[in-house]
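Number of protein chains: 2
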Amino acid sequence: MKVHNFFAGPAILPQPVINQAAKAMINFEGMNLSILEISHRSKQFEAVMNKAVSLVKELLSLNDDYEVLFLTGGASSQFYFTAMNLLDDGETASYLDTGTWSTKAIAEAKRFGNVEVVASSKDKNFNYIPKNYSVPANSKYLHLTSNNTIYGTQLHQLPATEVPIVCDMSSDIFSRPIDSNKYGLIYCGAQKNMGPAGTTLVIVNKNMLGKVKREIPTMLNYETHIKKNSSFNTPPVYAIYVSMLTMQWVKDNGGLKAMAKRNQAKADLLYGEIDRNPMFVGSAAKEDRSLMNVTFLLKDDSKNDAFLEACAAANCVGVKGHRSVGGFRASIYNAMPIESVEVLVEVMRKFEG
Amino acid sequence: MKVHNFFAGPAILPQPVINQAAKAMINFEGMNLSILEISHRSKQFEAVMNKAVSLVKELLSLNDDYEVLFLTGGASSQFYFTAMNLLDDGETASYLDTGTWSTKAIAEAKRFGNVEVVASSKDKNFNYIPKNYSVPANSKYLHLTSNNTIYGTQLHQLPATEVPIVCDMSSDIFSRPIDSNKYGLIYCGAQKNMGPAGTTLVIVNKNMLGKVKREIPTMLNYETHIKKNSSFNTPPVYAIYVSMLTMQWVKDNGGLKAMAKRNQAKADLLYGEIDRNPMFVGSAAKEDRSLMNVTFLLKDDSKNDAFLEACAAANCVGVKGHRSVGGFRASIYNAMPIESVEVLVEVMRKFEG
Numbered sequence: 001m002k003v004h005n006f007f008a009g010p011a012i013l014p015q016p017v018i019n020q021a022a023k024a025m026i027n028f029e030g031m032n033l034s035i036l037e038i039s040h041r042s043k044q045f046e047a048v049m050n051k052a053v054s055l056v057k058e059l060l061s062l063n064d065d066y067e068v069l070f071l072t073g074g075a076s077s078q079f080y081f082t083a084m085n086l087l088d089d090g091e092t093a094s095y096l097d098t099g100t101w102s103t104k105a106i107a108e109a110k111r112f113g114n115v116e117v118v119a120s121s122k123d124k125n126f127n128y129i130p131k132n133y134s135v136p137a138n139s140k141y142l143h144l145t146s147n148n149t150i151y152g153t154q155l156h157q158l159p160a161t162e163v164p165i166v167c168d169m170s171s172d173i174f175s176r177p178i179d180s181n182k183y184g185l186i187y188c189g190a191q192k193n194m195g196p197a198g199t200t201l202v203i204v205n206k207n208m209l210g211k212v213k214r215e216i217p218t219m220l221n222y223e224t225h226i227k228k229n230s231s232f233n234t235p236p237v238y239a240i241y242v243s244m245l246t247m248q249w250v251k252d253n254g255g256l257k258a259m260a261k262r263n264q265a266k267a268d269l270l271y272g273e274i275d276r277n278p279m280f281v282g283s284a285a286k287e288d289r290s291l292m293n294v295t296f297l298l299k300d301d302s303k304n305d306a307f308l309e310a311c312a313a314a315n316c317v318g319v320k321g322h323r324s325v326g327g328f329r330a331s332i333y334n335a336m337p338i339e340s341v342e343v344l345v346e347v348m349r350k351f352e353g
Numbered sequence: 001m002k003v004h005n006f007f008a009g010p011a012i013l014p015q016p017v018i019n020q021a022a023k024a025m026i027n028f029e030g031m032n033l034s035i036l037e038i039s040h041r042s043k044q045f046e047a048v049m050n051k052a053v054s055l056v057k058e059l060l061s062l063n064d065d066y067e068v069l070f071l072t073g074g075a076s077s078q079f080y081f082t083a084m085n086l087l088d089d090g091e092t093a094s095y096l097d098t099g100t101w102s103t104k105a106i107a108e109a110k111r112f113g114n115v116e117v118v119a120s121s122k123d124k125n126f127n128y129i130p131k132n133y134s135v136p137a138n139s140k141y142l143h144l145t146s147n148n149t150i151y152g153t154q155l156h157q158l159p160a161t162e163v164p165i166v167c168d169m170s171s172d173i174f175s176r177p178i179d180s181n182k183y184g185l186i187y188c189g190a191q192k193n194m195g196p197a198g199t200t201l202v203i204v205n206k207n208m209l210g211k212v213k214r215e216i217p218t219m220l221n222y223e224t225h226i227k228k229n230s231s232f233n234t235p236p237v238y239a240i241y242v243s244m245l246t247m248q249w250v251k252d253n254g255g256l257k258a259m260a261k262r263n264q265a266k267a268d269l270l271y272g273e274i275d276r277n278p279m280f281v282g283s284a285a286k287e288d289r290s291l292m293n294v295t296f297l298l299k300d301d302s303k304n305d306a307f308l309e310a311c312a313a314a315n316c317v318g319v320k321g322h323r324s325v326g327g328f329r330a331s332i333y334n335a336m337p338i339e340s341v342e343v344l345v346e347v348m349r350k351f352e353g
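Residue numbers (the working numbering), protein chains in the order written: chain A, 1 to 353; chain B, 1 to 353.
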């Protein structure tokens, strides 16, 4: 029986990707070897890496100023990595505080320079995205979290500023077209909308680099990895391969415009039911609702366990909300078919009785 | 036709491990989901992590002072990570220089404290392991590389010192029993003898930690990962799973004593042919020969291409030597069956003509 996978991450991947990646575990590119057993210097893996890089550039329409890296350590490592490489002692970077991950990024950046928190939605448990703040013109960058997985909020418009944006796109990369020229650096853990756990995508405008005076360990310097096409040391071969397949699937299915349309349709269906069904209420401000992570509550929370049981009975998994928000969260990333959202909506309708 | 996989890393894995890992790609633990699609907080993955940790402890007979971590970034990241966490400004650490990887570890450690290089085999292109050096008693630790993948040398005896040893065991972890109490910290990239590329094993004696005064970013502090059982952020789920399966295979096949015996038999067979066959010569000093990476040369190197062609014709892949040494290298890790070594030896015999 088909499972409807609403996990927040690691999360659903396209079934054709899973099938091809499983085959490559046994026999990759006709080598009669598993992809896990081949050299990262083999021409077969170099082709995977080059394809992964070119798909990122193509899907996001990046110009030649941008370098694409596949690193490790997750977005949590980029919290310090970005500041270490971009922000010198005494310089200022601006941060928008929209939840747990922004807050952690702020804490790590403070080790390296001055941090200006331009606005925060902490006053309402991060259930909205602050607007109408000003960004100091002397900021080296403005750090944003484009989608807040825990709270179900998403930035639908970039602030008007000339300051280059550094953005944690872990949970909505490749979910919609972006204006890539506005970004100095984009990073994301792969395991939500790009691939499996185990690799971290970094897209950096070369003009941002080489400007800090501090000494940086070799492996923590973006320039090390740029010079070696992410193969200075052994990269996470399989995670990059599966990410490449997933990006190819995005391209084959119409690219980011088509993804945005599908994602909007899925979100409309689910938010529509949340707003229609008198038992439920959405937990994020309507204008800031995420198209990736839909958070909602039962007005009578004594029925929470019963609703989760109803979800389980319909084979909907991963619907329990994050402890910071409570209630429910349905993550409906690119790979989620609308049919699974329809099943969840049906569970909600039946639960109304 | 079966491929005989002599790649240095990523390298051969046991076939039963490959088969089980491929099945988990489609349906993990009866969940009807790929292991790539499930939460790292699920009880199913937590069981994998706990099993991986307990297998490390059991195989290496670690006492309760040792913590086991599954991180990312490779041994190359541990070069700075170890010094950043263990060596304070003004303190001294000793390093034995046995090749490229030691040399890189030395360069990174110098950013954090005083580095005393106790001995080096650079004078002979690292074809031997220095002995009879003394280790300054005030050293915080002595850093060793237990096996030098590129040069085909291996430490067969630890130096007599009371200083705790920090050891890069990337290419011979789990290949033989070790006296674990001598080690303050052990690290290794998984992709040679432990699993696939994508995770880095760190074993640390808790008594080594918490003694430096510098401020350390959250993700670069071993204590962060100890407190959260390597799940402070999303760990590299699949690489840890396949490593766990590989360690289970080691245990099921007799543990480290049995591995050492098998590895000795394979190495004896191959070194025996190198020493017998008048066309070949070993490139490492006999007493320091590695049981994992067997390096050898043709006395007439104009025949190199012809020998590689003969290897390819017998389906032996990955035999070309590293450019720093030239000639040939056959990596014969735990998972390498003696039958594959027999095939390579037969190629060498026929090549003699």
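Ideal placement from N, C-alpha and C gives every residue a C-beta, glycine not left out.
C-beta contact flag for residue i and residue j at 8 Å
i: B/A24; j: B/I35; result: yes
i: A/F328; j: A/G321; result: yes
i: B/K251; j: B/L60; result: no
i: A/T100; j: A/S324; result: yes
i: B/V135; j: B/S94; result: yes
i: A/T98; j: A/N293; result: no
i: A/Y222; j: B/Y238; result: no
i: A/A107; j: A/T200; result: no
i: A/L185; j: A/N205; result: yes
i: B/M336; j: B/I12; result: yes
i: A/L168; j: A/Y141; result: Note on residue identity: the sequence assigns Asp, not Leu, to residue 168 of chain A. Not closer than 8 Å, so no.
i: A/V3; j: A/N315; result: yes
i: B/T82; j: B/E116; result: no
i: B/S121; j: B/N114; result: no
Per-residue contacts from residue i into chain A (C-beta, under 7 Å)
i: B/P217; result: Y80, E108 and R111
i: B/Y133; result: Within 7 Å Cβ-Cβ: nothing; B/Y133 doesn't reach chain A, min ~26 Å.
i: B/G318; result: S39
i: B/G367; result: Since the first residue of chain B shown is 1 and the last is 353, residue 367 of chain B is not available in this structure.
Closest Cα partner of residue i within the set the options
i: A/A197; options: B/M292, B/D123, B/Y241 and B/K320; result: B/Y241
i: B/Y151; options: B/L297, B/A313, B/A335 and B/A312; result: B/L297
i: A/S283; options: A/F81, A/M1 and A/N125; result: A/N125
i: A/D288; options: A/L155, A/A11 and A/T82; result: A/L155
i: A/I129; options: A/E352, A/S302, A/V212 and A/K286; result: A/K286
i: A/S170; options: A/M259, A/T145, A/Q44 and A/D305; result: A/T145
i: A/K43; options: A/F28, A/L55, A/K57 and A/V56; result: A/F28
i: A/R111; options: A/N147, A/N50 and A/F79; result: A/F79
CB contact check: residue i to chain A, cutoff 8 Å
i: B/P235; result: yes
i: B/V242; result: yes
i: B/A21; result: yes
i: B/T149; result: no
i: B/G326; result: no
i: B/A354; result: A question about residue 354 of chain B goes unanswered here, because the residues of chain B that appear run from 1 up to 353.
Contacts that residue i makes with chain A (C-beta to C-beta distance below 8 Å)
i: B/S331; result: Within 8 Å Cβ-Cβ: nothing; B/S331 doesn't reach chain A, min ~10 Å.
i: B/V3; result: M31, N32 and L33
Chain-ordered neighbours of residue i on chain A, where CB pairs are closer than 9 Å
i: B/P337; result: Near B/P337 there are no residues of chain A at all, since even the closest Cβ is about 13 Å away, more than 9 Å.
9 Å Cβ cut-off: residues of chain B touching residue i
i: A/S76; result: T218, M219, F232, N233 and T234
i: A/H40; result: G9, P10, Q191 and A197
Neighbour list for residue i in chain B, Cβ cutoff strictly below 8 Å
i: A/I18; result: M25, I26, S34, L36 and E37
Chain B contact for residue i (CB, 8 Å cutoff)
i: A/I226; result: no
i: A/L13; result: yes
is_contact[residue i, chain C] using C-beta, thresh 8 Å
i: B/M49; result: The chain inventory of the structure shown lacks chain C, comprising the protein chains A and B.
Residues, ordered as in the chain, of the stretch 170–203 of chain B that lie near chain A by beta-carbon distance below 7 Å: G189, Q191, P196, A197 and G198
Chain B contacts from the stretch 78–104 of chain A (Cβ-Cβ distance under 7 Å): Y80
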